[in-house]
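Visitor: Handing you this structure, nothing more for now.
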Amino acid sequence: MSPEKTNDQRLMEMGARVADWLEPLGYSSSESSSGGCVVANLGGETRFYVREGADDYVVTSATRSGSEEFEVACRTIEDSEKFLVAQFGGALRYQVRRDAPPFDVPWRPSEFAVGFTLRANEKGQGVLEENGLYWATFPIFESSPGAVGFSHYAHVSVDHLMNMFMTS
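Each residue of the sequence shown is one higher than the one before, counting from 1 in UniProt numbering.
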């Protein structure tokens with residue numbers, strides 16, 4: 001029986017899957033010097049870090065000339081992976097399937113999936129919940145279009161989400 005994987009190992013595997021999917025856009029993954037994984041474009045101009053937090057998995061981003069910024073905290077590694085897939089799915093779809101129409105992801109506050117709500121926490125961040133169950137935390141309560149989209153793909157698998165971007 002093989003030993004159970006550590007969360008850092010699971011994060012590295014997740015980063016590799018996302019980078020493989022994003023290969024047409026020139027992305028790769030590696031281990032972050034501060035733990036977790038980093039998914040970056042060629043030359044590291046744009047980087048997304050995924051690290052284990054206290055009770056969740058935190059995704060941050062940085063550009064070569066900018067500081068690291070909070071993107072989302074998700075309850076599972078898989079949810080972090082879904083967030084990254086959704087972040088890049090439109091650009092990848094355009095790169096690979098230029099003839100395909102744009103993939104329309106809901107983003108307006110009135111378009112949350114049934115049962116999902118966004119409430120402000122003490123830091124002014126948007127906490128996404130489904131019928132009171134925590135899913136993710138987004139940077140700004142007042143403006144979190146990513147939370148709306150997330151509410152629609154929360155219950156699909158990563159593979160299904162990837163396929164939606166490439167075949168719909």
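Just so it is clear, CB atoms sit at the ideal spot from N, CA and C, and this is done for glycine as well.
Since the model is a prediction, treat every value here as computed from it, not as a measurement.
Would Phe48 pass as a contact of Phe103 if the rule is Cβ separation under 8 angstroms?
Guide: The beta carbons of Phe48 and Phe103 sit no closer together than 8 angstroms.
Visitor: Report the start-end ranges of each beta strand (DSSP E) in the stretch 31–77 that is 3 residues or longer and not cut off at the edges.
Guide: 37–41, 46–52, 57–63, 69–74
Visitor: Pull up the distance between the alpha-carbon of Val58 and that of Gly115, whole angstroms please.
Guide: 24 angstroms
Visitor: Within its chain, find whatever has a CB closer than 6 angstroms to the CB of Glu52; leave out the 5 residues flanking it on each side and keep chain order.
Guide: Answer for Glu52: Asn7, listed in chain order.
Visitor: Could you check where the alpha helix (DSSP H) with Val156 kicks off and where it finishes?
Guide: Careful: Val156 lies outside any alpha helix (DSSP H) and carries neither H nor E.
Visitor: Please say whether Trp135 and Ala113 have beta carbons closer to each other than 8 angstroms?
Guide: no
Visitor: Distance cutoff 8 angstroms, beta carbons only. Does Asn7 sit that close to anything in chain D?
Guide: The displayed structure is made up of one protein chain only, and chain D is not part of it.
Visitor: When DSSP labels each residue in this structure, what does Thr137 get in the three-state scheme?
Guide: strand
Visitor: Whole angstroms is fine: what's the gap from Gly44's alpha carbon to Thr63's?
Guide: Near 8 angstroms, if we compare the C-alpha coordinates of Thr63 and Gly44.
Visitor: Distance check for Ala73 and Leu128, CA to CA, integer angstroms please.
Guide: 10 angstroms
Visitor: Can you tell me where the beta strand (DSSP E) holding Val18 begins and where it ends?
Guide: From DSSP, Val18 is part of no beta strand (DSSP E) but of the alpha helix (DSSP H) over 7–21.
Visitor: Could you check where the beta strand (DSSP E) with Gly126 kicks off and where it finishes?
Guide: 126–130
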